[in-house]
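Undergrad: Under our numbering, think of the first position of the sequence shown as -5, with each following residue one higher.
I have a structure I would like to understand better, so I am pasting it below and will then ask my questions one at a time.
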Amino acid sequence: MYKLLLSVVAVLLLSNCGLPASERVYKVSGPTMGTLYHISWVDQQDRTSQVKSRIDLRLQDINKIMSTYDSTSELSRINQSTMWPVQQRISTDLSDVLAKALQVNQQSSGAFDITVGPLVNLWGFGPDGSPDRVPEDDLLEEVLTSVGSDVVTLSGQSLFISEKRYLDLSAIAKGWAVDDISLLLESYGIENYLVEIGGEIKTAGVKPQKVSWKVAIERPDVHLQQTAHRVFSPGNRALATSGDYRNFFVENGIRYSHTISPVNGFPVEHELASVTVVNNSAAMADAWATALNVAGPADGMRLAEALELGVYMIVRDQHGNLSELTSTTFNKWFPEFLDQIP
-5 MYKLLLSVVA VLLLSNCGLP ASERVYKVSG PTMGTLYHIS WVDQQDRTSQ VKSRIDLRLQ
55 DINKIMSTYD STSELSRINQ STMWPVQQRI STDLSDVLAK ALQVNQQSSG AFDITVGPLV
115 NLWGFGPDGS PDRVPEDDLL EEVLTSVGSD VVTLSGQSLF ISEKRYLDLS AIAKGWAVDD
175 ISLLLESYGI ENYLVEIGGE IKTAGVKPQK VSWKVAIERP DVHLQQTAHR VFSPGNRALA
235 TSGDYRNFFV ENGIRYSHTI SPVNGFPVEH ELASVTVVNN SAAMADAWAT ALNVAGPADG
295 MRLAEALELG VYMIVRDQHG NLSELTSTTF NKWFPEFLDQ IP
């Protein structure tokens, strides 16, 4: 699902003090991919300038490949094609992220779809839109015909698109970048770190004194008050959270979410307020958080169980009361998670 930056459920980072002088936590941050990154790591020497320079250069490279805002990016050039079908050789990075996106699309029965952008724009939730009205049925049907990853075929670095499509990697690119920057840190011999880009997070190792990295999952608050709902330690894993409580509009008393189903073209109507996916890959966590947010609590949890995904859901009933659902894999990884008092 096309994930708008303002609609992503924020994940709050928690920090520790009182670290020994010989081993410190170093932090860098900066703008990237229309959002911000925050990276912390443990080191015995100050290499912040060198590491930050490498991080910024790598993120610029990723943006030049996957951005839809940069008209000269590799992805934009594909979208600007005037002759269809399109067949061309693509970079290894673009091939890798597309392969993951198409995998989740297939496994989620289309709930995750990188071609959904035209529908999101039609409903007014795109970067230039202002959501305030329901589109006409005939226009919705017309746009729906231009959505669907079934026409996209990838074989190694060979990309084939049989019909005109607009590809948008917003719902997986930030997670992919988190994985990539994690590998960059490891190339420096850094084993203990936290990487966060636009709410997608990966942690590894521990902080000094063997203190775990901790993150918080935000309480889904329609009044936009950022409050931690649950705090936990992901361990050597990544996580991503997706929700629909920040970006919506109301027409004739009906609430329309920014989360658009690529299958029927309408905003989802289920009671899932937010979903967090924990995975070894931040890219897969990112994509699956979007897919399950589209699928809803019942179908989403069935998918999570079938694919052994680590999933935590917050469900809001018609009275505004919150309840929680966790998958078997999530419970195995975090057996004491629900013992906390929210």
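The C-beta atom is built at its ideal place from N, Cα and C for all residues, glycine as well.
Using a C-beta cutoff of 8 angstroms, does Ala165 count as contacting chain B?
TA: Given the protein chain composition of this structure (a single chain), no chain B is represented.
Undergrad: Report yes or no: do three or more beta-carbon pairs, one from the segment 158 to 174 and one from the segment 270 to 289, lie closer than 8 angstroms?
TA: Touching, per the Cβ criterion.
Undergrad: If you draw a straight line from the alpha carbon of Val145 to that of Val98, how long is it in whole angstroms?
TA: Rounded to the nearest angstrom, the two C-alpha atoms are 15 angstroms apart.
Undergrad: Which value, in whole angstroms, describes the spacing of the CA atoms of Pro194 and Lys158?
TA: It should be noted that the sequence gives Glu, not Pro, for residue 194. Straight-line Cα distance between these residues: approximately 30 angstroms.
Undergrad: Taking its Cβ as the centre, do 16 or more other Cβ atoms sit within 10 Å of Gly183, making it buried, or is it exposed?
TA: Per the 10 Å Cβ criterion, exposed.
Undergrad: For Trp35, does the count of other Cβ atoms within 10 angstroms reach 16, so buried, or fall short, so exposed?
TA: It is buried - the Cβ of Trp35 has at least 16 other Cβ atoms within 10 Å.
Undergrad: Give me the residue from Gln151, Gly150 and Ser156 with the minimum Cα distance to Ser143.
TA: Nearest of Gln151, Gly150 and Ser156 to Ser143, Cα basis: Ser156.
Undergrad: Can you tell me whether Arg48 is helix, strand or coil according to DSSP?
TA: Correct three-state label for Arg48: helix.
Undergrad: So, with DSSP's three-state summary, where would you put Gly192?
TA: Of the three classes helix, strand and coil, the one that applies to Gly192 here is coil, per DSSP.
Undergrad: Smallest Cα separation from Pro202: which of Thr29, Gly169, Val22 and Asp37?
TA: The shortest C-alpha separation from Pro202 is found at Asp37.
Undergrad: Taking all protein chains shown into account, do 16 or more other C-beta atoms lie within 10 angstroms of the C-beta of Thr76, making it buried, or fewer, making it exposed?
TA: The residue is exposed, with fewer than 16 neighbouring Cβ atoms inside 10 Å.
Undergrad: For the pair the segment 173 to 188 and the segment 25 to 35, tell me if three or more CB-CB distances fall below 8 angstroms.
TA: These segments touch.
Undergrad: Below 7 angstroms CB to CB, which residues in the same chain sit around Leu319 once its five sequence neighbours on both sides are set aside?
TA: Excluding residues within five positions, the ones whose Cβ falls inside 7 angstroms are Pro291, Met295, Met307 and Val309.
Undergrad: Would you kindly work out how many angstroms separate the C-alpha atoms of Val200 and Ile56, rounded to a whole number?
TA: If I take the Cα positions, the gap works out to 27 angstroms.
Undergrad: Measuring CB to CB, does Asn258 end up less than 8 angstroms from Leu161?
TA: It is not a contact, given that the beta carbons lie outside the stated cut-off.
Undergrad: Assign Pro329 to one of three DSSP states: helix, strand, or coil.
TA: Residue state, collapsed to three classes: coil.
Undergrad: Among Ala171, Ser255 and Leu301, which residue has its Cα nearest to the Cα of Asp280?
TA: The candidate whose alpha carbon is nearest that of Asp280 is Ala171.
Undergrad: Straight-line CA distance for Arg52 to His264?
TA: For Arg52 and His264, the distance between alpha carbons rounds to 39 angstroms.
Undergrad: Considering only residues of the same chain and omitting the five flanking positions on each side of Gln101, which have a CB-CB separation below 7 angstroms?
TA: Excluding residues within five positions, the ones whose Cβ falls inside 7 angstroms are Leu301.
Undergrad: Pick helix, strand or coil for Gly111, following the three-state DSSP scheme.
TA: Reduced to three states, the DSSP call for Gly111 is helix.
Undergrad: Any heavy atom of the ligand ADP closer than 7 angstroms to the Cβ of Ser47?
TA: The ligand ADP is absent from the structure shown, which contains no ligand whatsoever.
Undergrad: Across which residues does DSSP place Gly304 in a beta bridge pair?
TA: Partner(s): Val272.
Undergrad: Anyone know if the C-beta pair for Val288 and Thr253 falls short of 8 angstroms?
TA: Closer than 8 angstroms, so yes.
Undergrad: May I have the straight-line CA-CA distance separating Ala105 from Gly192, to the nearest angstrom?
TA: Ala105 and Gly192: Cα-Cα distance of roughly 22 angstroms.
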